[in-house]
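Below is one structure, written out as structure tokens; comments come after it.
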Amino acid sequence: MEAVAINARTLHLDEAAVRQGERMRTPGQRASVPIALGPVPLQHQISHDLLYDTIPHPRIRQNIMAAIISGRLDQAALSSCIRASGALVFWQGTWQRRGLVVWGDASCISSWELTEGFVRTFGFLLEGCDDFLAATNTWRAMRGEAPITL
Numbered sequence: 003m004e005a006v007a008i009n010a011r012t013l014h015l016d017e018a019a020v021r022q023g024e025r026m027r028t029p030g031q032r033a034s035v036p037i038a039l040g041p042v043p044l045q046h047q048i049s050h051d052l053l054y055d056t057i058p059h060p061r062i063r064q065n066i067m068a069a070i071i072s073g074r075l076d077q078a079a080l081s082s083c084i085r086a087s088g089a090l091v092f093w094q095g096t097w098q099r100r101g102l103v104v105w106g107d108a109s110c111i112s113s114w115e116l117t118e119g120f121v122r123t124f125g126f127l128l129e130g131c132d133d134f135l136a137a138t139n140t141w142r143a144m145r146g147e148a149p150i151t152l
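Residue numbers 3 to 152, in our numbering, belong to the letters of the sequence shown in order.
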């Protein structure tokens with residue numbers, strides 16, 4: 003969650019609102035926001051957990067907003083998964099991390115890793131996010147793990 007806090011500060015978001023999971027529209031964009039964190043138009047139109055704004059990948063945020071509109075996304079489940087990021091859970095006989103793991107610069111997608119559980123549950127949000135999957139597989143390769151595919 004440290005990466006979320008860093009990106010929330012960068013975005014000038016109310017950190018307490020992000021921590022508490024308040025759902026609201028993204029406030030107006032500030033000029034000093036990195037491109038990767040800049041809001042997509044739907045973020046200004048749809049009430050959502052501001053936690054999603056801290057993911058430095060416009061396409062996945064667009065996909066999240068579209069899934070909210072269509073009713074396909076369980077926002078509570080996604081928020082819970084991301085808030086548990088990095089936590090170890092015992093699943094199918096092995097210990098695995100949950101959510102999203104950030105290994106470096108919070109504003110750079112190459113520092114982020116999608117866990118297997120996240121991809122298994124929310125893989126439909128990854129359409130057009132090949133670079134996010136590539137970053138994930140780079141981290142997995144460093145540990146000698148097989149790549150994740152959709």
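Glycine is no exception: its CB is placed at the ideal position from the N, C-alpha and C atoms.
When the Cα atoms are used, Gly146 and Gln47 turn out to be separated by approximately 42 Å. Each residue's CA atom was taken as its position, placing Arg61 and Phe126 some 12 Å apart. Secondary structure at Arg25: strand, using DSSP grouped into helix, strand and coil. With respect to the 8 Å criterion, Leu13 and Asp55 are classified as neighbours on the basis of their beta carbons. For Arg99, there is no enclosing alpha helix (DSSP H); the enclosing beta strand (DSSP E) covers residues Thr96 to Arg99. Per DSSP, reduced to three states, the secondary structure at Trp141 is helical. Annotated as proximal: Ile111 and Asp133, with beta-carbon spacing under 8 Å. For Met26 against Val42, the beta-carbon gap comes to about 16 Å, at or over 8 Å, which does not count as contact. Between Thr28 and Leu53, the alpha-carbon positions lie close to 10 Å from each other. Collapsing the DSSP output to three states places His59 in coil.
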